[in-house]
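So the structure is just underneath, and the comments pick up after that.
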Amino acid sequence: MSDTGLVIAGLTPFSTVDWPGKLAAVVFLQGCPWNCGYCQNFAIIDPKAPAQVPESELWSLLERRAGLLDGVVFSGGEPTRQPALLEAARRAKQLGFQVGLHTGGAYPRRLAALLAQNLVDWIGLDIKALPQNYPQVVGLGQTQPATATPTKSSAPTAKLRLSIPPLNKAGQSAWESLDMVVGAYREGTLANYEVRITVSPGHDLDDTNPETLVPLAEALRQRGVQTLAVQQARPDGTRPEFASRYELPGARDFAADLTAAASRVKSLGFQHFTYRGV
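Everything in the sequence shown is counted per our numbering, starting at 2 for the first residue and increasing by one.
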């Protein structure tokens with residue numbers, strides 16, 4: 002079987018945690034345009050790094066596991082960064098596997114192509130912040146100001162429509178991808194999804210923290226999200242400068258603060274809510 006051109010950084014033969022309710026192989030694709038502080042896969046961010054796993058190994062694994070695995074999850078890095086993902090997803094479907102995707106939504110056009118061709122069955126979408134906070138959260142610069150304009154100025158419960166500065170491509174891309182995922186699910190062209198928020202210790206805007214979690218979750222609810230997971234960032238495998246946050250004064254209160262904030266998020270009324278704490 003010929004290669005599609007995937008650059009694979011790692012391959013997990015089977016997993017029960019990367020696609021809720023499914024037994025799946027997980028393919029970690031090399032490269033990501035972002036540089037999030039809490040990333041546990043930061044070693045595979047560099048898009049120029051060579052493959053660590055021959056692509057032929059992936060197809061050999063799937064051929065052997067046909068009928069034994071529910072599906073294959075393409076993760077990363079940012080899997081939609083690689084143009085070959087489209088053909089790889091198609092090939093996995095042809096082999097009889099369901100296809101899952103872990104993405105931050107950095108490349109909405111490629112995500113749109115996957116959805117349009119019915120090449121993905123489930124998406125785990127990481128939403129990292131409100132749109133205007135993306136540059137700092139993903140390591141691309143300072144948070145940019147945004148204005149919030151109500152859809153109806155006289156309505157006290159009016160939804161807020163964020164006006165995102167044009168230079169904030171990261172935030173625009175992620176939230177455009179969010180709208181695609183929610184829309185595809187509503188239309189029945191995407192079987193299921195999960196929007197995920199990763200929460201870190203700290204009180205600034207370089208990551209979502211317990212203080213900023215609830216406003217972010219409320220914005221997602223207003224955007225139509227029905228399935229949300231809140232998960233605690235873990236120091237294992239992260240950069241030393243991020244892991245050191247867990248040694249700062251107040252870090253001991255982080256788990257309790259996050260649990261309390263997650264309880265408030267649960268009360269917002271999502272159809273499906275999952276909290277992944279310690």
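Where is the CB? At the ideal position from N, CA and C, for every residue including glycine.
DSSP, read as helix, strand or coil, puts Pro-14 in strand.
DSSP places Asp-127 inside the beta strand (DSSP E), whose first and last residues are 123-127. Straight through space, the alpha carbons of Val-138 and Cys-37 are spaced by roughly 6 angstroms.
The bridge partners DSSP lists for Val-196 are Leu-126 and Leu-229. Between Met-181 and Ala-130, the C-beta spacing is not below 8 angstroms.
Between the alpha carbons of Ala-10 and Trp-60 lies a gap of roughly 15 angstroms. Between the alpha carbons of Val-100 and Pro-21 lies a gap of roughly 13 angstroms.
For a cut-off of 8 angstroms, the C-beta gap from Leu-63 to Phe-98 is around 6 angstroms, short enough to register as a contact. For Tyr-276, the enclosing beta strand (DSSP E) covers residues 273-277.
For Ala-234, there is no enclosing alpha helix (DSSP H), as DSSP marks it with neither H nor E. In the DSSP assignment, Leu-221 falls within the unbroken alpha helix (DSSP H) covering 211-223. Cα atoms of Leu-116 and Glu-177: separation of roughly 14 angstroms, rounded to the nearest angstrom. DSSP lists Ser-16 and Gly-72 as the bridge partner or partners of Ala-25.
In the displayed model, Ile-9 falls within a strand according to three-state DSSP. As a beta-bridge residue in DSSP terms, Leu-30 pairs with Ile-9. In the three-state reduction of the DSSP assignment, Leu-62 falls in the helix class, which pools H, G and I.
Less than 8 angstroms divides the Cβ of Val-231 from the Cβ of Val-266.
Boundaries of the beta strand (DSSP E) harbouring Leu-102: 99-104, taken from the DSSP string. Less than 8 angstroms divides the Cβ of Phe-243 from the Cβ of Pro-236.
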